[in-house]
Each structure stands twice: as structure tokens, then as C-alpha cells.
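S.K.: Each residue of the sequence shown is one higher than the one before, starting from 2 at the first, in the numbering used here.
Quick one: the structure is below, and I'll ask about it shortly.
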Amino acid sequence: MPRRTPRTTLDRLRTSRRFPGFLKTASICVLVAGLLSPLTQQAAAATAAAPNDYCGGQCSDILPPGENGNATLAQILLNQAFGTQPSHAEDQLGPYANLATGYSGLTDPTINTFFNDASFGVPSDQVASTEKPGGRGDVTIVRDKKSGVPHITGTTRYGTEYGAGYAAAEDRLWLMDVFRHVGRGQLTSFAGGAAANQGLEQQFYRNAPYTEADLQAQIDKAVADNGARGQQALADVKAYLDGVNAYIDASDSGRYFPGEYVLTGHKDAITNAGTIEHFKVTDLVALASVIGSLFGSGGGGEVNNALSLLAAQQKYGVEEGTKVWESFRERNDPEAVLTVHDGQSFPYGGKPADAKGEALPDAGSVTQEPLVYDRTGSATTTAAKNASATAAKTTLGSARRGMSNALVVSGKYTASGHPIAVFGPQTGYFAPQLLMLQEIQGPGISARGASFAGLSMYVELGRGQDYSWSATTSGQDIIDTYAVELCQDDHHYLYHGACTAMDEVEQKNSWSPTTADSTPAGSYTMRVWRTKYGPVEYRATVGGKKVAYTTLRSSYLHEADSIIGFQMLNDPGFVKGPQDFQAAAQHINFTFNWFYADSQHTAYYNSGDNPVRASGVDAEFPVWAQPAYEWRNWDPATNTADYTPASAHPGSVDQDYYVSWNNKQAKDYTTASWGDGSVHRGNLLEDRVKKLVAAGGVTRTKLVQAMADAALADLRAEDVLPKLLKVIDSSTVTDSTAAAAVAKLKAWVNAGAKRTETSAGSHTYADADAIRILDAWWPLLVKAEFEPGLGSDLYNAFTNNLSVDEAPSAGHGPTGSHAGSSFQYGWWSYVDKDIRAVLGENVRGGLTEKYCGGGSLSACRDMLISTLDQAAGMTAAQVYPGDDQCSAGDQWCADSIVQRTLGGIKHGKISWQNRPTFQQVVEYTSHR
Numbered sequence: 002m003p004r005r006t007p008r009t010t011l012d013r014l015r016t017s018r019r020f021p022g023f024l025k026t027a028s029i030c031v032l033v034a035g036l037l038s039p040l041t042q043q044a045a046a047a048t049a050a051a052p053n054d055y056c057g058g059q060c061s062d063i064l065p066p067g068e069n070g071n072a073t074l075a076q077i078l079l080n081q082a083f084g085t086q087p088s089h090a091e092d093q094l095g096p097y098a099n100l101a102t103g104y105s106g107l108t109d110p111t112i113n114t115f116f117n118d119a120s121f122g123v124p125s126d127q128v129a130s131t132e133k134p135g136g137r138g139d140v141t142i143v144r145d146k147k148s149g150v151p152h153i154t155g156t157t158r159y160g161t162e163y164g165a166g167y168a169a170a171e172d173r174l175w176l177m178d179v180f181r182h183v184g185r186g187q188l189t190s191f192a193g194g195a196a197a198n199q200g201l202e203q204q205f206y207r208n209a210p211y212t213e214a215d216l217q218a219q220i221d222k223a224v225a226d227n228g229a230r231g232q233q234a235l236a237d238v239k240a241y242l243d244g245v246n247a248y249i250d251a252s253d254s255g256r257y258f259p260g261e262y263v264l265t266g267h268k269d270a271i272t273n274a275g276t277i278e279h280f281k282v283t284d285l286v287a288l289a290s291v292i293g294s295l296f297g298s299g300g301g302g303e304v305n306n307a308l309s310l311l312a313a314q315q316k317y318g319v320e321e322g323t324k325v326w327e328s329f330r331e332r333n334d335p336e337a338v339l340t341v342h343d344g345q346s347f348p349y350g351g352k353p354a355d356a357k358g359e360a361l362p363d364a365g366s367v368t369q370e371p372l373v374y375d376r377t378g379s380a381t382t383t384a385a386k387n388a389s390a391t392a393a394k395t396t397l398g399s400a401r402r403g404m405s406n407a408l409v410v411s412g413k414y415t416a417s418g419h420p421i422a423v424f425g426p427q428t429g430y431f432a433p434q435l436l437m438l439q440e441i442q443g444p445g446i447s448a449r450g451a452s453f454a455g456l457s458m459y460v461e462l463g464r465g466q467d468y469s470w471s472a473t474t475s476g477q478d479i480i481d482t483y484a485v486e487l488c489q490d491d492h493h494y495l496y497h498g499a500c501t502a503m504d505e506v507e508q509k510n511s512w513s514p515t516t517a518d519s520t521p522a523g524s525y526t527m528r529v530w531r532t533k534y535g536p537v538e539y540r541a542t543v544g545g546k547k548v549a550y551t552t553l554r555s556s557y558l559h560e561a562d563s564i565i566g567f568q569m570l571n572d573p574g575f576v577k578g579p580q581d582f583q584a585a586a587q588h589i590n591f592t593f594n595w596f597y598a599d600s601q602h603t604a605y606y607n608s609g610d611n612p613v614r615a616s617g618v619d620a621e622f623p624v625w626a627q628p629a630y631e632w633r634n635w636d637p638a639t640n641t642a643d644y645t646p647a648s649a650h651p652g653s654v655d656q657d658y659y660v661s662w663n664n665k666q667a668k669d670y671t672t673a674s675w676g677d678g679s680v681h682r683g684n685l686l687e688d689r690v691k692k693l694v695a696a697g698g699v700t701r702t703k704l705v706q707a708m709a710d711a712a713l714a715d716l717r718a719e720d721v722l723p724k725l726l727k728v729i730d731s732s733t734v735t736d737s738t739a740a741a742a743v744a745k746l747k748a749w750v751n752a753g754a755k756r757t758e759t760s761a762g763s764h765t766y767a768d769a770d771a772i773r774i775l776d777a778w779w780p781l782l783v784k785a786e787f788e789p790g791l792g793s794d795l796y797n798a799f800t801n802n803l804s805v806d807e808a809p810s811a812g813h814g815p816t817g818s819h820a821g822s823s824f825q826y827g828w829w830s831y832v833d834k835d836i837r838a839v840l841g842e843n844v845r846g847g848l849t850e851k852y853c854g855g856g857s858l859s860a861c862r863d864m865l866i867s868t869l870d871q872a873a874g875m876t877a878a879q880v881y882p883g884d885d886q887c888s889a890g891d892q893w894c895a896d897s898i899v900q901r902t903l904g905g906i907k908h909g910k911i912s913w914q915n916r917p918t919f920q921q922v923v924e925y926t927s928h929r
């Protein structure tokens, strides 16, 4: 059967939950008879020879829901009517989900019950199919029986990349098409005008309002700046696109293209009229801009920072208010968990001794720059406007939802003497998944792993012949906000003393109802005003002068540059050890933490083009758009500048262990987002891995178990709740409601503070009442603890910088609720430091004052009991009010992970886990 089509979207990218009533069973059967393609891939008996593989069968990976993200119209209709799944559409979802209840009994021999064997090649008895894409003789795509992963082997470089493109289109064509439109701000015109789609395209267009000329210029510069490797990258991209387009032509003529093209009105199921547009090089840059914006662009939020600083100064005065603000900002908290913990210091983003050039807004003058104009039809609804507001907040804040984690242990502490790594990116849950698995073997390329759909000319996260690598989002600040002084009118500004016109860039979108998306017709125009200092995001006055606040990021107009680093990581002739790995990562300009393991060494490197700022500039706040405060040697024509050298980036080789869960990278290295304090979800990994290393004899099983155990932990319950209970227990609890709640909470903590089912598939949590109580209590206690002391204005300003909570059932992250990733951002460190201070315990880097009960232990205790009483009295329906996926009061469902549909195939919910979406478990036995 030909490869099939997808069905889920980024949290905001959604197709209609129901197809119209005319798609009844009888009509489905008729359609199926006419639409099932007679073409099949040839089953092959030949052995697929494995290239050099030094992992000894000890490399594993997993990527739910399944490799196959394409489905024909017939397969979509069968799935909608009967729940039938195309082959390999969800065969990795079950093993992935089962680890939550199966990890305690895990052994090394049973790891691949929950993961795929990630060895190179396919044993002859496991070959499901073999094809020569486009009839070419220089490339073969073999798919295995278990997971359907494409294993691409080429004898020429062109053929290898052609095969990679062909396989990508086989597995993710619809998704690739969706995201090239997202990257251009054209999603609604392509896939429908659902409010979520409106919000998604607005989020990315605000961040990267590129013209076609901008996209092409990125390619030209990336090629020109990188010599032979740049030329090779362009050749690889063109060969890859030839493969993609060959599949488009074949599937169109053979009528086995993704069924979503019919459901969205781009193709006719009966006549086959309509067109699937070929892909071009600039489409891949548009795709890269989406991925880079989502996961690799740390920074921003300077205007929000300024507003909270002004609120603090208004309440406390300038000097004391600044101290209060800095204590909550936690730029360099001495209690923060670190990835590089050997004492090395990497100063970046710290507070200057004498800040210069700050352009703080006048009180009450800030207004957000509109993006959407000329709304008509369904674009005028409340839902549409709410989606716009959410998109703007996501884009303009500093809380980048990168996610991902890594656990890496040196061979000195393992049972085998070889390093072990369990790592991967948390990219959300979609159907089909944003990432796809593949193996690529050809001249200068030898790798297996995951790549973002449409950018899979190279493996982006995975393994080579004798090494593996992965990444987590780092979030250091590569985005600055400039105050450009206006002149003449609202669309002219002073640039180096000359009144200069802003560039107007706009995208007009319109949509009509389709089978996939019944949203009524509507339209709008997205309009961005661009300056040499980046797009305008806010308007304000500074000292009475009218200004526009713009945002400038170092990766703006440079999303294509990172292709060279990925090319190097796939090249066995380049990467032969940890230093080569670090050299490759230095060519990636997105903000990531990169990890490496081979049979002898481990390594870490923090990537990103960190701009060298002018002396005295504080990156936390807006600065004047004047030469004295620009990035050093900044060229606005190309958006290039001086960047900090590799030696100034956190990096390490052979540290005893590394952990990362988007926590602070190293001493003195400040990230743009708030919350790097004494309690961070990185502590869940740090505590477990540190204990394993101290005991020695670490195995793959033990490291997987540490990850899986942390994935079920409630951070608040494990690291903060015991201290809250200590305050409550400072005297006898006489309130019966509070006493009962305390007993339940203590029992939960003693049981491990996990959010886990009573048994596999029960859909009921053990300690359900305790979990409900804490979910209800946390926001109540935080507000009651801090708002009286801070005052409402400052408290609300700080909550705009850092959200109070991020429980599994909360709507947050790039995919909203049901996204798995939890506890990345919240006030747990503030509560921890404040409660310890009230208890009289030692606190390093504490807040400037005691807030709970005004510093009185008894008053603090009274507040905790009062809010606990209130929380205990809340019903499950009040705590978990229900949504489009769950009934009110269904606690398990509220937490559950949903594969958000980007296409036509639906999947069932799975129990909550806080772990990478794509994940590797590796332990190499030898080295070249």
C-alpha cells in the first residue's frame, strides 16, 4: 500500500473535530472501494546491509505516535468512522505510553519493549518493503516491519538526498505543506480559518515577517559564507526537493496523495482536479523559521521587564524597588541547578555595574502594536480575537516553551565503563508528529534519528556510526528591544540622525468553509512595520518622546545558517570525537544545549549567536536605538554583528554527569526567561542522577528509570510541599478539613509524589484527592502569600513575567493543554525561598523580604491553613472544569496527553508523562 497521510496540528493548528454528516458508513464504503490505490511497495527479501555500527545493539529510540504521517482519503474516512489506523500510524504510541507503568520492572533486555532498536540497517527477516524512488538506481529506501522507518541508502550524494526527500514526502507531505504556509503567514488561506489556525499564523508572522526576497537572501548568504560546505548544502537541498516533488507527482498521478488535500478543497476526489504545489528552496527556509522560533530563539520580554521594574520602583522607591525586582528575576541564583556544575563560570547577560542607554517607558504609555487589520466574517468573532491575543503574548514574552531533557553519565560511573545517555527533545504531541525518524547512509552521510518534517535532508537529533547527540532548548538572550524615536509621523523613525521610513510588510488571508474546517468565511490582513532594528512590537513614550519598541534577534534573517552544523553532525569524516561535535554545534545559531556520547567520552555545548552588546547595556530592558547602544559591529543590511566566541559559551567534556531540563546552563550565564531559582524541574533529574552517580554502576536501565520516575513527579509536591507542611506542622492542626487534607498530602509525598495511575489503563490516579487538593491549593496559596506584601499592581506585573503554575492540566506551552510538558515555569522557587526564610532556614540568594504572613510563622501558617481549607472544599469539576477533550471533573483526562491533529487521522489519549517526545537510549561499546 502506498504511504499515507497525517492528522494533527500544533496546539493551535486544528482541523474540525467532526466531519459533516454525509460521511456515513455506506458512503465511506463506496468511497473506499474507489479510492484505495492498487499500487503497493514491493516486499523485499534481500538483506539490507548495515554500515559500520559501533553501538553493539545498545542504541534505542522512540517517536510517537508512529512513522507514517500520510493517509489517503479512504484511510482518513475509515479512521473517522471506525477508528482504523493506517499501518505504522501509531505503533510507537503504545510502547511510549506503557513506560509510565512499566519502568519499575525494566531490565536492559526489555528496553526495546518500550523503544525501537536504533541499530543501523534492517535484518533481512525484518524488511517490510524496498523501493527505488523515481526508478533511480543510486538510492534504495528499505522500511522495517516493526515501525516502518525509512532506511535510505545511496551510492551517490544526489541519490541519497533525493531518497531522503522522497521518504519525507511519503511520511509527512501534508504536514510539510501546512508548515511552509505557517512560515509564510498563509495557513488560514491554505487549511481553513479556525481560530486556532488564525492564532498560529499570527504568532509566527509577527516573529518572522519575511518576504520571498528575504527567504532567498538567507539561502544565498548561507551558501556564500560557508565555502564548499555551503555549496554542498545547496546541492543537498535541491536533490532533497527533487525527491519531494517526485513523490508529489507520483502520488498525484497515482491518486494516493494525502486525503487532506481533498478535505480542504485543494483536490477533487472524483476528477482529481486541483494541484499540489511543488516545493522550492525558500519553502524550507519558511519551515526553518517556524522551528527556530518555536524551539531555538531565546530572549525577548524586555518591555514586560520594564513594566514590572517600574511597578516595583513605584511601590518601594527606585533603589529598593530595583533590589526587589532583581531578587525575583534570579539572574544568577546561587541555588539554581546547573548543567555545567564543575565550577566553571561563563558570564553572559548579567547586570552591568552602571547601566547605559536604558529607554524605560513613561507610566501608562505602552500599547501593543496591532498585527491584524480589516477583519471580516469569522475573523471578527470573540474566539478569533482571543486567539490573536494569545498569539501576541506567546511571541512577545521571554518564556520560550522549548522543553526537552537530557541525562548523560560518564563511563567512569557506569557498570560497563562506557558512557550512557538518555536524551531527547520535548516537541509536543501531534498527529502526525513534527519530527520523523529516518536512517540516511550515503557518501559523507551516516546517521539515524529524528528530523523536522521538510528539513530532513540531514538527521537533526540522533546517532552516527559511533556517537549520538541530542539537544534541549537553552533560552539565553539573543533578542533585544530597541526604542526608536519617531519623526514626521508614526511610520518614520530616526536612524543615525536621519528620518527614515519604516518598511510595511503585509499578508492578506481569506478563507471559506471546507469539509475539514467548517469555519465560516472570513478574512484579514496582517501588517508589520519593520525597521533596521527589527519589527515594531509596541508604541510608547520615553521622557515624553514618542517611540516604537522593536525586537531584534541575532537569528533574524539567518534561519538557514544552521544547516552547516547539521551537515557536519551527519558526516562521519568530520565527527570523530567530542571536540569535533562541539565544533559542529558551534555552527548552529539557534539557542540550544547540545549533548554528546560515544564509547569513551561525553560532551556538552551551548549554541547560539550571542551578540556582543555595547558596554553598559542591560539586556533585560529596552535601550535607545542609537549607535552607542547597538550590538558591536552590527550591520543592519545583513543583521550580522560580533558574537561571543565559542570559549565564552558553556561547554564541557567528560564531566561526571550532565542533566538539562531547560535549566540554567552554568554559573554566571543568564537565560532570558524567569524562574532559574532554587526549585526547577531540572532538580528532578539532578537529584536522581546525582544519586546514581554516587552509587556507581549505572546501567541503561537505571538511567531510563531515573528519567521515567522524574517524568511522573509533581515538582511542587516533591520539592516544595514538604516545606509547606513543615510550617503547618509547627503546631497542632485542629481544623478538621485541613487536618484531613494534610494527611492526604503527607501520604502522597511519602508515596513518592507521583501523578500515576493506580494500575495500567485504570484512568484513575493513586492519591487522586491529594493531587486535586494541591492543584487547587497552589494558585490560592501563591496569591495569598505574595500579593499582600507586593501589592496587586506589582504582583500582577510579576505574574506577567512568570506564570504562577504549570500543572499538567493547565493550558500552556506551544500546544496548550494536554501537551505533556509541565512545571517548566512557575513560582515554586519563590515559594521555596520565602517559606524557608520564614522557617529561619539558610537561604542563599533569597528574596529581599519575607512575604508569607509578613514574616510571621504563625500568620504564615494561618494563611496556609485558610487557603488549604478553601482548596480542599473545591470539587473535581471546579478544579478540572473540562475542555474540548474531557468532561468536567475527569482528573486523569485533564492531565492526559493528546496527539493534536494536524491532519485527518485521530489517536487515543495516553496517560500523562513529562518526558521527551523523541528519545534515545544509547551506550556505545566501541569506537572507530
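Note that CB positions come from ideal geometry on N, CA and C, so glycine has one too.
To the nearest angstrom, how far is it from the Cα of G138 to the Cα of T73?
M.R.: 28 Å
S.K.: Hey, W779 and R717: beta-carbon distance below 7 Å or not?
M.R.: yes
S.K.: May I have the straight-line CA-CA distance separating T816 from Q127, to the nearest angstrom?
M.R.: Low confidence applies here, because T816 scores a pLDDT of 46, under 50, leaving its location unreliable; read the following figure in that light. Distance between the alpha carbons of T816 and Q127 is about 36 Å.
S.K.: What is the DSSP secondary structure of M1, reduced to helix, strand or coil?
M.R.: A question about residue 1 goes unanswered here, because the residues of the chain that appear run from 2 up to 929.
S.K.: Going by other Cβ atoms of all chains shown within 10 Å of its Cβ, with 16 needed for buried, is Q477 buried or exposed?
M.R.: buried
S.K.: Compute the distance between the beta-carbons of A454 and M437, then report whether it is under 7 Å.
M.R.: yes
S.K.: I believe R531 touches M503 by the beta-carbon criterion, under 8 Å. Please report the beta-carbon distance rounded to the nearest angstrom.
M.R.: 6 Å
S.K.: Please state whether the Cβ-Cβ distance between A484 and A196 is less than 7 Å.
M.R.: no
S.K.: Closer than 8 Å by C-beta to Y557: which residues in its own chain qualify, once you throw out the five before and the five after it? Chain order, please.
M.R.: A209, G535, N640
S.K.: Taking the beta strand (DSSP E) that W530 falls in, what are its first and last residues?
M.R.: Where W530 is concerned, the enclosing beta strand (DSSP E) stretches over 523-532.
S.K.: Could you name each continuous alpha helix (DSSP H) segment of 4 residues or more that falls completely within the region 709-755, going from the start of the chain to the end?
M.R.: Within the region 709-755, the complete alpha helix (DSSP H) runs of at least 4 residues are 716-720, 722-729, 737-751.
S.K.: Take the Cβ of Y262 as the centre, count every other Cβ of all protein chains shown within 10 Å, and call the residue buried at 16 or more, exposed below.
M.R.: buried
S.K.: What does S452 pair with, by DSSP beta-bridge criteria?
M.R.: M437
S.K.: Alpha carbons only, please: which of L288, F115, A360, F347 is nearest the one belonging to T671?
M.R.: F347
S.K.: Could you work out which residue in K907, T501, G302 is closest to T85 when comparing CA atoms only?
M.R.: For T85, the nearest C-alpha among the options comes from K907.
S.K.: In three-state terms, what does DSSP make of T415?
M.R.: strand
S.K.: Suppose you measure from the CA of R916 to the CA of D490; what does that come to, to the nearest Å?
M.R.: In this structure, the CA atom of R916 is about 50 Å from the CA atom of D490.
S.K.: Kindly indicate the opening and closing residues of the beta strand (DSSP E) around H492.
M.R.: 490-496
S.K.: For A354 and G617, I'd like the C-alpha separation in whole angstroms.
M.R.: C-alpha of A354 to C-alpha of G617: approximately 7 Å in a straight line.
S.K.: Use the C-beta contact count for D730: other C-beta atoms within 10 angstroms, 16 or more gives buried, fewer gives exposed.
M.R.: exposed
S.K.: In chain order, what are the residue ranges of uninterrupted alpha helix (DSSP H) at least 4 long that sit wholly in the region 266-330?
M.R.: The region 266-330 contains these whole alpha helix (DSSP H) runs: 282-296, 303-317, 319-330.
S.K.: Can you tell me whether G103 is helix, strand or coil according to DSSP?
M.R.: helix
S.K.: Does the region 285-304 come close enough to the region 466-480 that 3 or more CB-CB pairs lie under 8 Å?
M.R.: yes
S.K.: With 16 as the cutoff for other CB atoms within 10 Å, does S897 come out buried or exposed?
M.R.: buried
S.K.: Skipping 5 residues on each side, what residues in its chain have a beta carbon closer than 7 Å to that of T552?
M.R.: G301, I480, T482, G535, P536, E538
S.K.: Three or more C-beta pairs under 8 Å: does that hold for the region 664-683 against the region 334-345?
M.R.: yes
S.K.: What is the rounded straight-line gap between the Cα of S511 and the Cα of T645?
M.R.: 44 Å
S.K.: Would you check if there are 3 or more beta carbon pairs closer than 8 Å linking the region 583-599 to the region 643-660?
M.R.: yes
S.K.: Would V319 be called buried (16 or more neighbouring beta carbons within 10 Å of its own) or exposed?
M.R.: exposed
S.K.: Round the Cβ separation of E930 and L693 to the nearest angstrom and send it over; I've been treating them as touching at under 8 Å.
M.R.: Residue 930 lies beyond the stretch modelled for the chain, which goes from 2 to 929, so this question has no answer here.
S.K.: Excluding sequence positions up to five away, which residues of its chain have a Cβ less than 7 Å from the Cβ of A714?
M.R.: L685, A754, K755
S.K.: Check whether the region 564-572 and the region 511-522 touch, using three or more Cβ-Cβ pairs below 8 Å as the test.
M.R.: no
S.K.: So the candidates are V576, P444, K386; which of them puts its Cα closest to the Cα of Y468?
M.R.: V576
S.K.: List the endpoints of the continuous alpha helix (DSSP H) containing Y459.
M.R.: Unbroken run through Y459: none, as it is neither H nor E.
S.K.: Our contact map puts N594 next to T395 with C-beta atoms below 8 Å; I'd like the distance itself, whole angstroms only.
M.R.: With a Cβ gap of about 22 Å, N594 and T395 do not count as contacting.
S.K.: I'd like to know if L242 contacts chain B, where contact means its C-beta is closer than 7 Å to some C-beta of that chain.
M.R.: Annotation note: the requested chain B is absent from the structure, which comprises a single protein chain.
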